[in-house]
Amino acid sequence: MKVVFIDTVHSILEERLHAAGFSCIDASSFSREECTQIIADAEGIVVRSRFPMDAEFLTHAPHLKFIARAGAGMENIDEEYAEKHGIKLYNAPEGNRNAVGEHALGMLLALFNKMHTADRDIRLGKWEREHNRGVELDGKTVGLIGFGNNGQAFAKKLRGFDVDVIAYDKYKKNFGTSDVEEVDMEAIFKRADVLSFHIPQTDETLFMANADFFHSFEKSIYVINLSRGKIIQTSALVEALKSTKVLGAGLDVLEYEKASFESFFEQDLSPDFKYILNAENVILSPHVGGWTHESHFKLSDVLADKILAKWKTI
Numbered sequence: 001m002k003v004v005f006i007d008t009v010h011s012i013l014e015e016r017l018h019a020a021g022f023s024c025i026d027a028s029s030f031s032r033e034e035c036t037q038i039i040a041d042a043e044g045i046v047v048r049s050r051f052p053m054d055a056e057f058l059t060h061a062p063h064l065k066f067i068a069r070a071g072a073g074m075e076n077i078d079e080e081y082a083e084k085h086g087i088k089l090y091n092a093p094e095g096n097r098n099a100v101g102e103h104a105l106g107m108l109l110a111l112f113n114k115m116h117t118a119d120r121d122i123r124l125g126k127w128e129r130e131h132n133r134g135v136e137l138d139g140k141t142v143g144l145i146g147f148g149n150n151g152q153a154f155a156k157k158l159r160g161f162d163v164d165v166i167a168y169d170k171y172k173k174n175f176g177t178s179d180v181e182e183v184d185m186e187a188i189f190k191r192a193d194v195l196s197f198h199i200p201q202t203d204e205t206l207f208m209a210n211a212d213f214f215h216s217f218e219k220s221i222y223v224i225n226l227s228r229g230k231i232i233q234t235s236a237l238v239e240a241l242k243s244t245k246v247l248g249a250g251l252d253v254l255e256y257e258k259a260s261f262e263s264f265f266e267q268d269l270s271p272d273f274k275y276i277l278n279a280e281n282v283i284l285s286p287h288v289g290g291w292t293h294e295s296h297f298k299l300s301d302v303l304a305d306k307i308l309a310k311w312k313t314i
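Take the sequence shown: its position 16, counted from the start at 1, is 16 in the working numbering, and no numbers get skipped.
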């Protein structure tokens with residue numbers, strides 16, 4: 001079985017597929033046009049996010065049996081086309097869920113304790129104790145939207161704190177435990193002190209967090225987003241920050257992300273984004289919540305498990 005690697009991933013995936021009799025082709029440096037040629041007889045494709053797996057591209061792979069994405073989100077793949085043509089889709093949220101949970105907790109604690117401004121002030125020769133007075137997490141209610149792999153991982157990391165964890169998931173039921181209370185969105189709006197998103201980007205969730213959404217909260221809240229940037233409408237978040245409906249935000253993902261992360265700052269920066277960049281109550285990271293040295297290996301190892309469970313050739 002010929003598998004084309006369009007993106008670079010951990011070598012364990014290629015090693016395990018090769019050992020099982022697969023023919024693995026490295027096309028990670030090929031252009032999109034060159035890739036359309038090399039996938040003509042491919043039965044598998046491995047991707048991250050270099051360019052979309054849209055219908056136009058996939059028509060060049062008539063023998064394709066599966067697409068494996070070394071990551072969690074699948075919005076870069078035309079799932080409708082894949083289903084219509086019997087193409088199996090694999091992702092690996094199990095591989096980076098621990099990394100996401102730890103990053104979310106780190107962002108939240110840094111935000112509460114003003115680690116980013118305290119560090120900056122010290123480096124500038126300022127001893128600003130009152131300005132950097134923190135807030136304690138204990139006693140707060142943390143609301144999770146989405147209770148899949150990443151939501152569960154974050155909830156697990158919160159067990160050591162005296163917090164109430166409540167979670168809403170439109171597509172899951174009866175998932176409540178002694179550590180997590182299953183609730184509806186009304187309870188999230190009423191009770192949450194902290195809100196954390198753990199949902200995929202779909203037509204349904206696109207800009208879910210708009211002005212009406214933020215206005216629905218009874219308390220002022222802190223927001224954490226390690227899902228997808230377009231879950232939150234930045235203009236609405238900016239207004240909520242200005243009005244103190246949102247007291248602070250930790251954002252690993254941004255509305256303005258491009259397919260190629262490296263070209264992010266080549267675009268014109270909107271006034272809303274400039275506000276976010278300069279806001280002291282916002283912590284940013286470059287979509288690395290699930291991108292640790294350990295998860296780099298685990299993402300590929302998980303994909304190998306899934307592919308070989310179905311397609312092992314020898």
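Beta carbons: idealized from backbone N, C-alpha and C, even for Gly. These figures come from a predicted structure and were not determined experimentally.
Can you tell me whether Y171 is buried or exposed, with buried defined as 16 or more other CB within 10 angstroms of its CB?
Position 171 of the sequence shown, counted from the first residue, corresponds to residue 171. Y171 comes out exposed.
By DSSP's criteria, L284 is part of a beta bridge. Which residues make up the other side?
In the sequence shown, the residue the question calls residue 284 occupies position 284. BP columns for L284 point to L251.
Between which two residues does the beta strand (DSSP E) containing L89 stretch?
Walking along the sequence shown from the start, residue 89 turns up at place 89. Element bounds for L89: 88 to 90.
Please identify the residue among H63, S178, Y90 whose C-alpha is closest to the C-alpha of E43.
Mapped onto the sequence shown, residue 43 falls at position 43. Here the closest residue by C-alpha is H63.
To which residues does DSSP link L144 through a beta bridge?
Locating residue 144 in the sequence shown gives position 144, counting from the first residue. A167, S196.
Starting from the N-terminal side, write out each stretch of the beta strand (DSSP E) that is 3 residues or longer and does not extend beyond the stretch 100 to 148.
You should have 141 to 145.
Taking the alpha carbon of V9 as the point to measure from, which residue in G139, G248, D193, A70 has its own alpha carbon closest?
Taking the sequence shown and counting its residues from 1, one reaches residue 9 at position 9. Nearest C-alpha to V9: A70.
Give every residue of the same chain whose Cβ lies closer than 6 Å to the Cβ of K298, excluding the five residues on either side of it in the sequence, and list them in chain order.
Looking up residue 298 in the sequence shown gives position 298. Once the five neighbours on either side are set aside, the close Cβ partners of K298 are G95.
Which runs of the beta strand (DSSP E) fall wholly inside the stretch 183 to 234 and span at least 3 residues, in chain order?
Fully enclosed beta strand (DSSP E) runs of 3 or longer: 194 to 197, 221 to 225.
Any idea what DSSP makes of L4, helix, strand or coil?
As a position in the sequence shown, residue 4 is number 4, starting the count at 1. Going by the sequence as given, residue 4 is Val instead of Leu. Strand.
Pull the bridge partners of F57 from the DSSP assignment, please.
Within the sequence shown, numbered from 1, the residue matching residue 57 stands at position 57. None, per the DSSP bridge assignment.
Check K49 in the structure and name its three-state DSSP category.
Position 49 of the sequence shown, counted from the start, is the residue given in the question as residue 49. Here residue 49 turns out to be Ser, not Lys, going by the sequence shown. In the structure shown, S49 sits in coil (DSSP, three-state: anything other than H, G, I, E or B).
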